[in-house]
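**Student:** Sequence order for the protein chains is F and R. Residue numbering for the first sequence is 1495 to 1817, as defined by the numbering used here. Residue numbering for the second sequence is 365 to 644, as defined by the numbering used here. Each residue gets a CB set at the ideal place from its N, CA and C atoms; glycine is no exception. Note that this is a predicted model, so its numbers are computed, not measured.
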Amino acid sequence: MSTQTIPSAVTPTLVARRRRGSNLPAGTRLRSMIAPYLFIFPGFVLYGLIMLYPTVQTVLLSFRDWQIAPGADSPWIGFDNYARAFADPVFLNSLVNAVVYTGVTVPLQIIIGLFLAVLLNSKLPGRVVFRVLFYLPVVTSWVVVSLLFRYIFSSDGGVANWFGHDVLHILTGDVAWFQGRWTALVAICALGVWKGVGWAMLIFLAALTGVPTELHEAAAIDGAGAFKRFWYVSLPMIRSSMAVVVILLIIGGFNVFISVLLMTGGGPGEETQVPLTYMYQQAFKFLDFGYGSSISFILTAIVLVISALQYWWTRRLARKAEN
Amino acid sequence: MVTSPRGRIVSYVVRYGILIVVAIVLVFPFIYMLSTSFKSRSFVLDFPPTLIPSDPTLNNYTTALGTENFFRYFVNSAAVAVVSTVLIVLLSSMMAYAFVRFRFPGRRLLLGLVIVGLTIPSMMLIIPQFLLARDLHLLNSLPGLVPFYVGTAIAFNTFLLSGFFETIPVELDEAMLIDGAGAWRRYWNLALPLSRPALATCAIFAFLGSWDEFVWALTVLNDTDSRTLPIAIALFQGQHSTSWGLVFAASIVAVVPVLLLYVIFQRYFVAGITSGALKS
């Protein structure tokens, strides 16, 4: 990353000062000193205003009983919003839903994505076509695919029901998918996996392309079958990509939002709420900005802790592998 | 590999078989959406579902684009996305250039703050951003979306472009410097032309990000005429829950530009996704 690798090469500005030194007119030297700030200024001001300032504000808001009316007094209430969240059955339930969603979709995306990447990582004619097709769901907007899956899983005339009882014969009648918590989660998870496998595949494919074929050939000569070669040769070499994919998918899983909002709206009742739909409801339906902010912050904290644990765990694995 | 010709054929058949089945599963929903968009209202919830409409019609498209105003929403989305894209690429590349080519007091601090932005989930900020938009009188304004789309995209694109600028030899800058070129000319006439592929990648992702953005637009826009495509589609479905043909005609209108971009600039997609993910 660019922070760690400040190149020792002499930069142009330094060269200019050294080579031409005092010959430079004072104006030019001043200009080259302020130039970087001028380059950074417009972008950074916008970034600071839209990203950094609201980050601080989220934390501050979460300690207030926020009143939406401009100028109204919003008293500081310490950790009350947080205490309320951890005593709120709907919020706790929304966390469970997010854990279920993450627990189901992340392993499936990784297993299927990795499997497809291995299949495509060979001189198969037409592999580019498959790669393009597999990635289609990833580039399509969440809004469109959420509505599409709502239609596919609709209780009257939905393809999912038809496929379930007329083709696979595993369903006995029409399932009202969005009328129950677990059936609704099945539809939501199906969408999550369908939309995400192409992304996992692409990252794994890029990583697998970096594994030298000589290693595979050597292992094959030693009599290793396809699975053994994958397990003992490829898998250890793509460990760092695997770590990145796991972290990013877990973050994405906990941040599931648009699909739930558009497929169930958190219903029936509040049963399929996830943290972000609940936060959005609290903030923009009930205008409880303080409580909404505390939910945002709890979610961010959970995700950061998981990422940190994951990072620490991969580092430890890597160190073990070296010894 | 040491396998018999017959074993090789079997392995090909198995692999293609699996790939084709997966491709069907992944592509089927799109085909189904396309087919539904050509069905008249009475056939949409036919049972068993049909893939080829028995009586195909373009009514859904003409109704969506005409009476339901989706042409206007298309123009709204396109305008916001184009302006945001230009600003994102320009401002991010300027920042990236300064971070890579200059050493100046405060560099590490500013760079650190930009990297912080890569780790903040954007949904976490929606409440204070809403209050900010209110205070800046940017609520319910289509142009008011632009600063928010640009501000949220800058960190990632700065990061992506820094990686690319680092690969441009410093000697080229030095040569121009000796010819008396100022910082702006070195950035504009040297760094940018040499970075066309990276800029293309950034531009594509910036465009798609703005084109597909849903939550922020949903939160700040009220006025019917200033809707962008994603919220227009979602709200339309909310109001006419069984007009699936119309919903999907409008969806196709929103998805086709994305798919065209994707198929044409496929290699930039791959470059952007893998470098973005692997560097972080």
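Under the three-state reduction of DSSP, which class applies to arginine 591 of chain R: helix, strand or coil?
**Tutor:** Note: arginine 591 of chain R maps to coil in three-state DSSP.
**Student:** Can you give me, in chain order, the residues of the region 1737-1755 of chain F that have a beta carbon less than 9 Å from any beta carbon in chain R?
**Tutor:** Taking 9 Å as the Cβ-Cβ cut-off against chain R, the residues of the region 1737-1755 of chain F that qualify are Val1738, Val1739, Ile1741, Leu1742, Ile1745, Phe1748, Asn1749, Phe1751, Ile1752 and Leu1755.
**Student:** Could you list the residues in the region 381-403 of chain R with a C-beta less than 9 Å from some C-beta on chain F, going in chain order?
**Tutor:** Flagged, chain order: Ile382, Leu383, Ile384, Val386, Ala387, Val389, Leu390, Val391, Phe392, Pro393, Phe394, Tyr396, Met397 and Thr400.
**Student:** Flag tyrosine 626 of chain R as yes if its beta-carbon sits less than 7 Å from any beta-carbon of chain F, otherwise no.
**Tutor:** Chain F, which has a Cβ nearer than 7 Å to the Cβ of tyrosine 626 of chain R, makes this yes.
**Student:** Measure from the C-beta of phenylalanine 1783 of chain F to each C-beta in chain R and report whether the shortest distance is under 7 Å.
**Tutor:** So yes, phenylalanine 1783 of chain F belongs to the interface.
**Student:** Short of 7 Å in beta carbon distance, which residues of its chain neighbour serine 1568 of chain F, apart from the five on each side in sequence? Order them along the chain.
**Tutor:** Correct list, in chain order: Arg1558, Asp1559, Trp1560 and Gln1561.
**Student:** So the alpha helix (DSSP H) lysine 1722 of chain F belongs to, where does it begin and stop?
**Tutor:** Counting along the chain, the alpha helix (DSSP H) containing lysine 1722 of chain F begins and ends at 1720-1723.
**Student:** Would you please state the rounded distance, in angstroms, between the beta carbons of phenylalanine 629 of chain R and valine 611 of chain R? I believe it to be under 8 Å.
**Tutor:** About 28 Å separates the two Cβ atoms, so there is no contact after all.
**Student:** State the beta-bridge partners of arginine 1558 of chain F as determined by DSSP.
**Tutor:** Arginine 1558 of chain F pairs with F:Trp1570.
**Student:** So serine 1788 of chain F and tyrosine 1576 of chain F are in contact, right, with Cβ under 8 Å, and what is the actual spacing, rounded?
**Tutor:** The pair is a contact, with the Cβ atoms about 5 Å apart (cut-off 8 Å).
**Student:** Start and end of the alpha helix (DSSP H) containing isoleucine 452 of chain R?
**Tutor:** Segment 434-465, the alpha helix (DSSP H) holding isoleucine 452 of chain R.
**Student:** List, in chain order, every chain F residue whose beta-carbon is nearer than 7 Å to that of tyrosine 461 of chain R.
**Tutor:** What tyrosine 461 of chain R touches in chain F: Phe1533.
**Student:** Would you kindly report the start and end of the unbroken alpha helix (DSSP H) that includes valine 1584 of chain F?
**Tutor:** Valine 1584 of chain F -> alpha helix (DSSP H) spans 1583-1614.
**Student:** Verify whether the separation of the beta carbon atoms of alanine 1457 of chain F and isoleucine 1604 of chain F is less than 7 Å.
**Tutor:** Residue 1457 of chain F is absent from the model: chain F starts at 1495 and stops at 1817.
**Student:** Report yes or no: is there a C-beta of chain F within less than 7 Å of the C-beta of serine 615 of chain R?
**Tutor:** Chain F contact via Cβ: present.
**Student:** Kindly list, in the order they appear in chain F, the residues whose Cβ is closer than 7 Å to that of arginine 379 of chain R.
**Tutor:** Result: Leu1613 and Leu1618.
**Student:** Confirm, please, whether the CB-CB distance from leucine 383 of chain R to phenylalanine 1698 of chain F is below 7 Å.
**Tutor:** Contact: no.
**Student:** Output yes if chain R places a C-beta closer than 7 Å to the C-beta of valine 1799 of chain F; else output no.
**Tutor:** For valine 1799 of chain F, the answer is no, since every Cβ of chain R falls outside 7 Å of its Cβ.
**Student:** Taking C-alpha atoms, which residue in F:Thr1634, F:Ser1616 and F:Arg1809 lies nearest to serine 1734 of chain F?
**Tutor:** Serine 1734 of chain F has its Cα closest to that of F:Arg1809, out of F:Thr1634, F:Ser1616 and F:Arg1809.
**Student:** State yes or no: is the C-beta of leucine 1602 of chain F within less than 7 Å of the C-beta of phenylalanine 1643 of chain F?
**Tutor:** In this structure, phenylalanine 1643 of chain F does not lie closer than 7 Å to leucine 1602 of chain F by Cβ.
**Student:** Counting only runs that start and end within the region 1624-1677 of chain F, where is the alpha helix (DSSP H) found for 4 or more residues in a row?
**Tutor:** 1636-1646 and 1653-1656, all fully within the region 1624-1677 of chain F.
**Student:** So, under 8 Å CB-CB, glycine 1747 of chain F and valine 1584 of chain F are touching, yes? Tell me the CB distance rounded to an integer number of Å.
**Tutor:** About 20 Å; that fails the 8 Å criterion.
**Student:** On the three-state DSSP scale, how would you describe proline 511 of chain R?
**Tutor:** If DSSP states are grouped into helix, strand and coil, proline 511 of chain R belongs with the helices.
**Student:** Are there 16 or more other CB atoms within 10 angstroms of the CB of lysine 1779 of chain F, so buried, or fewer, so exposed?
**Tutor:** Exposed: under 16 other Cβ atoms inside 10 Å.
**Student:** How many Å lie between glycine 381 of chain R and alanine 428 of chain R at the Cα?
**Tutor:** Going by the C-alpha atoms only, they are around 39 Å apart.
**Student:** Is it buried or exposed for isoleucine 395 of chain R, if we count other Cβ within 10 angstroms and need 16 for buried?
**Tutor:** It counts as exposed.
**Student:** Tell me the DSSP secondary structure of valine 627 of chain R in three-state form.
**Tutor:** Helix at valine 627 of chain R.
**Student:** Out of R:Ser375, R:Trp608 and R:Val447, point me to the one whose CA is closest to lysine 1617 of chain F's CA.
**Tutor:** Answer by Cα proximity: R:Ser375.
**Student:** In this structure, does DSSP put leucine 502 of chain R in helix, strand or coil?
**Tutor:** Residue state, collapsed to three classes: coil.
**Student:** Using the rule of at least 16 other Cβ atoms within 10 Å of the residue's Cβ for burial, across every protein chain shown, is proline 1530 of chain F buried or exposed?
**Tutor:** When all chains shown are included, proline 1530 of chain F counts as buried.
**Student:** Which term fits tryptophan 1807 of chain F, buried or exposed, when burial requires 16 or more other beta carbons within 10 angstroms of its beta carbon?
**Tutor:** Exposed: under 16 other Cβ atoms inside 10 Å.
**Student:** I think tyrosine 1541 of chain F touches valine 478 of chain R, with their Cβ atoms under 8 Å apart; what is that distance to the nearest whole Å?
**Tutor:** The Cβ separation is near 7 Å, so the contact holds.
**Student:** List the residues of chain F that aspartate 576 of chain R touches, going by C-beta distances under 8 Å, in chain order.
**Tutor:** Neighbours of aspartate 576 of chain R on chain F, chain order: Ser1635, Trp1636 and Val1637.
**Student:** Shortest alpha-carbon distance to threonine 483 of chain R belongs to which of R:Met459, R:Val510, R:Ile518 and R:Arg467?
**Tutor:** Per the Cα distances, R:Ile518.
**Student:** Counting pairs of Cβ atoms below 8 Å between the region 447-459 of chain R and the region 567-578 of chain R, do you hit three or more?
**Tutor:** With the cut-off at 8 Å, the region 447-459 of chain R and the region 567-578 of chain R touch.
**Student:** Is the beta carbon of tyrosine 1645 of chain F closer than 7 Å to that of tryptophan 552 of chain R?
**Tutor:** No.
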